[in-house]
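Undergrad: The following block contains the structure, expressed as structure tokens.
Chains as they are written, first to last, in the working numbering: chain H, 1 to 528; chain G, 1 to 289.
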């Protein structure tokens with residue numbers, strides 16, 4: 001009886017395992033039905049090449065994919081290159097899971113948009129991606145389309161393994177906003193140096209610039225995200241006046257890496273911010289400002305006189321919001337960054353070309369060439385440009401007096417909703433194309449264009465990839481951020497700076513980190 | 001009326017105060033969500049925390065239903081919840097009933113095989129391959145079929161069937177009922193409490209799940225409610241590289257809260273109805289004394 005039981009168990013187990021295994025083995029014959037249904041009929045023509053595209057570069061992952069008849073951009077691409085384009089839009093935040101599942105399942109998409117250099121290098125190491133070096137010579141225009149540092153970011157172990165994903169936008173999100181009406185009221189000039197800025201902020205705090213008789217205004221507010229990272233929340237912009245920045249900012253000078261977060265100049269930046277804190281110039285709410293939305297609300301309320309915000313907040317929609325919230329529209333203007341003691345005048349450094357288009361290692365020569373031709377068309381065809389960057393002719397843009405006019409901002413909400421999917425194709429747009437942004441307020445355009453001259457070159461530190469054996473990396477970053485905040489608030493006096501550097505070396509193994517950086521810079525040819 | 005001593009009175013007051021505070025702690029966040037969803041943004045920003053709005057607006061709800069395609073997502077979620085739960089319960093019962101019969105030959109190997117899946121699973125990629133080879137990718141049925149029977153729920157039902165006295169079934173057999181008839185007419189009416197419980201498990205699972213949709217579906221019109229909710233909460237549309245999307249007149253926060261209300265309330269409403277079955281089913285059982 002007992003034996004019978006066991007043999008039955010074994011039998012069921014074998015049957016069950018067999019079913020499981022056959023599920024794995026069948027993958028070649030069972031063709032995926034992943035393609036969108038309406039297209040299967042049209043794709044039977046002989047010469048057409050089917051190209052699957054994993055587009056996590058879309059500007060709106062929540063937008064639906066329309067049927068082919070409505071999708072003008074897709075028709076353009078398919079016609080120009082005689083391809084059958086099957087685009088896949090992963091849900092935001094789940095793109096990596098989806099891509100890994102596809103790759104493990106053997107369905108590597110032919111064209112993959114990757115968001116970071118780390119991903120690009122990792123997938124290449126795993127043999128998922130093709131080496132594009134031998135093909136790129138055929139596409140001189142595509143090579144010209146992106147700057148040499150963008151292409152540098154695509155090279156890994158001496159090979160070019162990707163095409164830059166799209167232009168980053170600089171000189172927009174970290175604009176220097178100041179209350180012009182307060183300046184006028186207090187008879188002050190637009191500040192041009194850190195010291196002048198301090199005087200202005202002090203006056204904003206103490207001299208009741210809004211004239212309501214209450215001591216409720218502040219000179220400045222910044223913040224940090226929930227992990228305690230100061231980047232992009234305002235204080236980092238103040239640090240640039242001294243040529244330094246919070247962690248991850250690494251510069252190379254005279255064949256030496258310079259870690260801008262522990263540079264001696266950082267002491268001065270911290271002293272400056274501490275002076276602001278001590279003079280109560282910084283709105284004490286800054287500790288709770290851990291999302292950009294909260295800082296925007298401060299901007300709308302208008303009780304702070306100087307902030308780092310996105311230039312687009314000058315647009316009428318936001319002005320309307322300010323009116324609803326505070327009853328009047330504060331006169332915000334965007335000013336050039338202040339010139340620091342070492343001559344630094346920086347809005348931000350040019351963003352690193354992290355994103356990229358990569359091609360599956362499974363694609364043959366013909367396919368790689370065809371895909372690169374498609375990217376070449378997408379990014380360099382002059383006539384096609386507005387169709388991808390702006391949207392549909394006659395709806396999103398039109399030719400007015402022989403010039404192309406982007407009308408997106410004039411569209412009604414319903415129309416925008418109807419054509420949301422054009423966001424899937426916007427990648428060719430140039431990062432400095434003011435027409436693309438379709439600003440309604442000429443001051444926004446002015447601020448954006450002016451800021452361009454204060455965008456510094458990309459920090460070489462972005463090329464570094466994390467060293468997997470460096471187990472202290474996260475703790476080290478946290479410690480540095482925490483210490484910077486302590487110095488800023490005065491919880492730790494600046495006399496403790498050397499102590500801080502020492503702790504970094506002894507407890508957080510800063511030396512190894514420095515050596516890794518030097519080694520990687522040498523490999524990349526930045527340090528000789 | 002029993003006279004309470006002072007000490008008891010103090011005790012009573014303290015207990016009530018603590019209970020009221022506790023229930024407020026649970027209720028207030030939800031009230032806040034509802035309040036924000038119907039309050040104009042300027043008021044929210046002016047007052048900070050709103051529980052009782054001064055002015056009402058349903059603009060956020062309009063926005064959620066019109067602009068974010070929640071209507072279509074609702075259809076998909078309702079489909080998977082209603083059809084899915086019905087099929088789940090049907091198949092689970094059909095599997096559990098024979099397995100609850102001790103005289104069934106080969107019962108325990110089957111059971112071991114089923115219980116085995118509760119502890120070990122194939123993982124994401126083998127499951128994906130299986131789903132792909134069954135041609136279920138990008139079909140709404142992928143939300144239902146791969147999880148048709150949950151081993152855990154099967155074991156619960158089987159356990160419940162087993163503790164029903166065999167005599168009831170024997171009596172129906174004497175009256176000439178077939179296996180299916182006695183399942184349908186005798187066993188199931190007695191099992192309402194457990195059926196209600198596992199239906200609720202299945203339904204809530206269907207309502208809340210989003211991961212299978214993300215992995216197996218590409219067509220955005222097939223995405224269930226939770227995927228859309230997630231997009232709204234993560235603010236996907238306005239977070240992308242340099243979206244020109246402007247929030248316009250309706251505040252993003254209000255829209256997010258409205259989306260939370262729209263997606264949570266239906267499943268909250270189900271609970272009281274199920275509650276009725278929990279008590280009734282047990283009390284009205286035919287096994288007496």
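Beta carbons are placed, not taken as given, at the ideal position from N, Cα and C, and that holds for glycine. In this text, all values refer to a predicted model and were calculated from it rather than measured experimentally.
Mind pulling the chain H residues with CB within less than 9 Å of residue 25 (chain G)?
TA: Working through the second chain from its first residue, we reach residue 25 (chain G) at position 25. Within 9 Å Cβ-Cβ: nothing; residue 25 (chain G) doesn't reach chain H, min ~21 Å.
Undergrad: If the criterion is Cβ atoms closer than 8 Å, does the pair residue 310 (chain H) and residue 87 (chain H) meet it?
TA: Taking the first residue of the first chain as position 1, residue 310 (chain H) is located at position 310. Taking the first residue of the first chain as position 1, residue 87 (chain H) is located at position 87. No, the Cβ-Cβ distance between residue 310 (chain H) and residue 87 (chain H) is not below 8 Å.
Undergrad: Helix or strand or just coil, what does DSSP make of residue 34 (chain H)?
TA: Position 34 of the first chain holds residue 34 (chain H). At residue 34 (chain H) the pLDDT is 41, less than 50, meaning the model places this residue with poor confidence; the figure from the coordinates comes in the next sentence. Looking at residue 34 (chain H) - three-state DSSP - the assignment turns out to be coil, as it is neither helix nor strand.
Undergrad: CB-CB under 7 Å to residue 425 (chain H), same chain, minus the five flanking residues each way: which ones, in chain order?
TA: Locating residue 425 (chain H) in the first chain gives position 425, where the first residue counts as 1. Excluding residues within five positions, the ones whose Cβ falls inside 7 Å are 73, 388.
Undergrad: Which residues in chain H have a C-beta closer than 8 Å to the C-beta of residue 128 (chain G)? List them in chain order.
TA: Position 128 of the second chain, counting from 1, holds the residue named residue 128 (chain G). The answer, in chain order, is 101, 104, 105.
Undergrad: Output, in sequence order along the chain, the residues in the segment 69-88 of chain G whose CB is closer than 8 Å to any CB in chain H.
TA: Flagged, chain order: 69.
Undergrad: Counting along the chain, where does the alpha helix (DSSP H) carrying residue 406 (chain H) start and finish?
TA: For the purposes of this step, residue 406 (chain H) is identified with residue 406 of the first chain, where counting begins at 1. It is not in any alpha helix (DSSP H) - residue 406 (chain H) instead sits in the beta strand (DSSP E) that spans 403-406.
Undergrad: From residue 329 (chain H) to residue 321 (chain H), what does the alpha carbon distance come to, in whole angstroms?
TA: Mapped onto the first chain, residue 329 (chain H) falls at position 329. Mapped onto the first chain, residue 321 (chain H) falls at position 321. Taking the straight line from one Cα to the other gives about 9 Å.
Undergrad: In chain order, which alpha helix (DSSP H) runs of at least 4 residues are fully inside the segment 318-384 of chain H?
TA: With a minimum length of 4 residues, the continuous alpha helix (DSSP H) runs that stay inside the segment 318-384 of chain H are 365-380.
Undergrad: If we cut at 8 Å on Cβ distances, does residue 220 (chain G) have a partner in chain H?
TA: For the purposes of this step, residue 220 (chain G) is identified with residue 220 of the second chain, where counting begins at 1. Yes, residue 220 (chain G) counts as interfacial toward chain H.
Undergrad: Flag this pair as touching only if the segment 59-68 of chain H and the segment 99-118 of chain H have three or more C-beta atom pairs under 8 Å; answer yes or no.
TA: Verdict: no, contact absent.
Undergrad: Rounded to the nearest angstrom, what separates residue 417 (chain H) and residue 122 (chain H) at their Cα positions?
TA: Reading the first chain from its first residue, position 417 is the one you call residue 417 (chain H). Reading the first chain from its first residue, position 122 is the one you call residue 122 (chain H). Roughly 37 Å between the two C-alpha positions.
Undergrad: Locate the beta strand (DSSP E) running through residue 256 (chain H), then write down its first and last residues.
TA: Walking along the first chain from the start, residue 256 (chain H) turns up at place 256. Where residue 256 (chain H) is concerned, the enclosing beta strand (DSSP E) stretches over 256-259.
Undergrad: Which residues does DSSP list as the beta-bridge partners of residue 52 (chain H)?
TA: The residue you call residue 52 (chain H) lines up with position 52 of the first chain. DSSP output for residue 52 (chain H) lists H:86 as bridge partner(s).
Undergrad: Please decide whether residue 109 (chain H) counts as near chain G, where near means a Cβ-Cβ distance under 8 Å.
TA: As a position in the first chain, residue 109 (chain H) is number 109, starting the count at 1. Closer than 8 Å: no.
Undergrad: According to DSSP, simplified to helix, strand and coil, what is residue 306 (chain H)?
TA: Here residue 306 (chain H) corresponds to residue number 306 of the first chain, with the count starting at 1. In this structure, residue 306 (chain H) counts as strand in the three-state DSSP scheme.
Undergrad: Drop a sphere of 10 angstroms on the beta-carbon of residue 230 (chain G), count the other beta-carbons inside from all chains shown, and report buried for 16 or more, exposed for fewer.
TA: For the purposes of this step, residue 230 (chain G) is taken as the residue at position 230 of the second chain. With 16 or more Cβ atoms within 10 Å of its Cβ, residue 230 (chain G) is classed as buried.
Undergrad: Residue 191 (chain H): buried (16+ other C-beta within 10 angstroms of its C-beta) or exposed?
TA: On the first chain, position 191 is the one that residue 191 (chain H) refers to. Buried: at least 16 other Cβ atoms inside 10 Å.
Undergrad: Rounded to whole angstroms, what's the CA-CA distance from residue 500 (chain H) to residue 368 (chain H)? Just pull it up for me.
TA: For the purposes of this step, residue 500 (chain H) is identified with residue 500 of the first chain, where counting begins at 1. For the purposes of this step, residue 368 (chain H) is identified with residue 368 of the first chain, where counting begins at 1. Spanning the two alpha carbons is a distance of roughly 52 Å.
Undergrad: Do you know offhand how far residue 159 (chain H)'s Cα is from residue 361 (chain H)'s?
TA: In the first chain, the residue the question calls residue 159 (chain H) occupies position 159. In the first chain, the residue the question calls residue 361 (chain H) occupies position 361. So the alpha carbons of these two residues sit roughly 14 Å apart.
Undergrad: Using the C-alpha atoms, what's the distance from residue 239 (chain H) back to residue 269 (chain H)?
TA: The residue labelled residue 269 (chain H) in the question sits at position 269 within the first chain. The residue labelled residue 239 (chain H) in the question sits at position 239 within the first chain. Approximately 5 Å between the Cα atoms of the pair.
Undergrad: What residues of chain G sit near residue 452 (chain H), judged by a beta carbon separation below 9 Å?
TA: Position 452 of the first chain, counting from 1, holds the residue named residue 452 (chain H). Ordered by position in chain G, no residue passes the 9 Å Cβ test against residue 452 (chain H), which lies about 15 Å from the chain.
Undergrad: Quick one: what's got a C-beta closer than 8 Å to residue 176 (chain G)'s C-beta in the same chain, skipping five residues either side?
TA: Your numbering for residue 176 (chain G) matches position 176 in the second chain. Answer for residue 176 (chain G): no residue qualifies.
Undergrad: For a minimum of 3 consecutive residues, which ranges assigned as the beta strand (DSSP E) are wholly contained in the segment 220-294 of chain H?
TA: Fully enclosed beta strand (DSSP E) runs of 3 or longer: 250-253, 256-259.
Undergrad: Check the Cβ of residue 94 (chain H) against every Cβ in chain G and list those closer than 7 Å, keeping chain order.
TA: By 1-based counting over the first chain, the position of residue 94 (chain H) is 94. Near residue 94 (chain H) (Cβ distances below 7 Å), the residues of chain G are 214.
Undergrad: Between the segment 75-89 of chain H and chain G, which residues of the former have CB atoms less than 8 Å from a CB of the latter, in chain order?
TA: The residues in question are 88, 89.
Undergrad: Might you give, ordered along the chain, the residues of its own chain that have their beta carbon closer than 7 Å to the beta carbon of residue 162 (chain G), omitting 5 neighbours on each side?
TA: Taking the second chain and counting its residues from 1, one reaches residue 162 (chain G) at position 162. Cβ neighbours of residue 162 (chain G) beyond the five flanking positions: 100.
Undergrad: Quick check: the segment 253-266 of chain G against the segment 210-229 of chain G, are at least 3 beta-carbon pairs closer than 8 Å?
TA: As far as the Cβ criterion goes, the segment 210-229 of chain G touches the segment 253-266 of chain G, which means the pair count is three or higher.
Undergrad: Determine the direct distance from the alpha carbon of residue 213 (chain G) to that of residue 223 (chain G), and round the result to whole angstroms.
TA: In the second chain, residue 223 (chain G) corresponds to position 223, counting from 1. In the second chain, residue 213 (chain G) corresponds to position 213, counting from 1. Approximately 6 Å, taken between the alpha carbons.
Undergrad: Specify, as a first and last residue, the run of the beta strand (DSSP E) that residue 397 (chain H) falls within.
TA: The residue you call residue 397 (chain H) lines up with position 397 of the first chain. Counting along the chain, the beta strand (DSSP E) containing residue 397 (chain H) begins and ends at 397-400.
Undergrad: Under DSSP, the alpha helix (DSSP H) around residue 204 (chain H) begins and ends at which residues?
TA: Numbered from its first residue, the first chain carries residue 204 (chain H) at position 204. Unbroken alpha helix (DSSP H) run through residue 204 (chain H): 194-206.
Undergrad: Rounded to a whole number of angstroms, what is the C-alpha to C-alpha distance between residue 104 (chain H) and residue 126 (chain G)?
TA: The sequence position of residue 104 (chain H) within the first chain is 104, counting from 1. The sequence position of residue 126 (chain G) within the second chain is 126, counting from 1. Each residue's Cα considered, the two are about 9 Å apart.
Undergrad: Answer with buried or exposed for residue 306 (chain G), where buried requires no fewer than 16 other C-beta atoms within 10 angstroms of its C-beta.
TA: No answer is possible for residue 306 (chain G): the residues shown for chain G start at 1 and end at 289.
Undergrad: Mapping DSSP to helix, strand and coil, what is residue 136 (chain G)?
TA: Reading the second chain from its first residue, position 136 is the one you call residue 136 (chain G). In the structure shown, residue 136 (chain G) sits in coil (DSSP, three-state: anything other than H, G, I, E or B).
Undergrad: Check whether the Cβ of residue 46 (chain G) lies closer than 8 Å to any Cβ atom in chain H.
TA: Along the second chain, one-based indexing puts residue 46 (chain G) at 46. Yes, residue 46 (chain G) counts as interfacial toward chain H.
Undergrad: Please state whether DSSP places residue 179 (chain H) in a helix, a strand or coil.
TA: The sequence position of residue 179 (chain H) within the first chain is 179, counting from 1. Looking at residue 179 (chain H) - three-state DSSP - the assignment turns out to be strand.
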